[in-house]
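*Asks:* Residue numbers are given in my numbering: position 17 of the sequence shown equals residue 18, and the series is strictly consecutive.
Glycine included, every Cβ here is placed at the ideal spot set by N, Cα and C.
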Amino acid sequence: MTTTPKPFFPVSLDLPVVWGDMDALQHVNNVVYFRYFETIRIEYLRRIGMLEVLANKQVSPVLAETSARYRRPVIFPDTLLVEARVSKLAEHGFTMEYQITSKAQGRVTTEGTARIVMLNVTTGGKATLSDTLKQQIMQLEEIT
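1. Only counting the same chain, and skipping five residues up and downstream in sequence, which positions put a Cβ closer than 8 angstroms to that of V18?
2. Quick check on DSSP: helix, strand or coil for N31?
3. So if DSSP puts M97 in a beta bridge, which residue, or which two residues, is it bridged to?
4. Which residue wins for smallest C-alpha separation from R108, given the options A25, F9, D22 and R73?
5. K104 by DSSP, collapsed to three states: which one?
6. One question on the structure: do L90 and K135 come within less than 8 angstroms of each other, judged by their Cβ atoms?
7. Going by DSSP in three states, A25 sits in which element: helix, strand or coil?
8. Whole angstroms are fine: how far does the CA of T129 sit from the CA of Q100?
9. Where does I144 land, buried or exposed, given buried means 16+ other C-beta within 10 angstroms?
10. When the Cα of E39 is compared with those of S13, D24 and N121, which residue comes out closest?
11. Is it the case that the Cβ atoms of F35 and R86 are separated by a distance below 8 angstroms?
12. In chain order, what residues of the same chain lie with their CB nearer than 6 angstroms to the CB of D22, ignoring the 5 residues before and after it?
13. Of all the beta strand (DSSP E) runs that stay within the bounds of the segment 34-81, which reach a length of 3 or more residues?
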């Protein structure tokens, strides 16, 4: 029997499930997962130096598309391992993948994707993903 290796996610955070994340059906509300994705995305961007790029206010990353696949419900109390990686680099941005694992269940509960596009703040058009940011992503992802 062959086993598939676990995907490599270079950025991870432990996030507690708080009571306010729950909905009337007694599980974490679907929209909350997008906040979890946002939290790990910002941490990823911080680690590649994107926050410094934002300081110059000429180029900004924009969330162009996002999705989630819900595999298992999560309930309070729990702690989630939220992970992110870049799965594809493009001229004007990149695609991210997310994975959320319930520590109480010991199972993946949610997977997600996002397409990030660099925006030229002055013109409103697409901007090129800089070589510096590409190198930072490749280094973080351990791509040679």
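*Replies:* Checking against the coordinates, here is how it stands:
1. V29, V75, I76, F77, P78, D79, T80 and L81
2. helix
3. V87 and A115
4. R73
5. coil
6. yes
7. coil
8. 27 angstroms
9. exposed
10. S13
11. no
12. V29 and V33
13. 60-71
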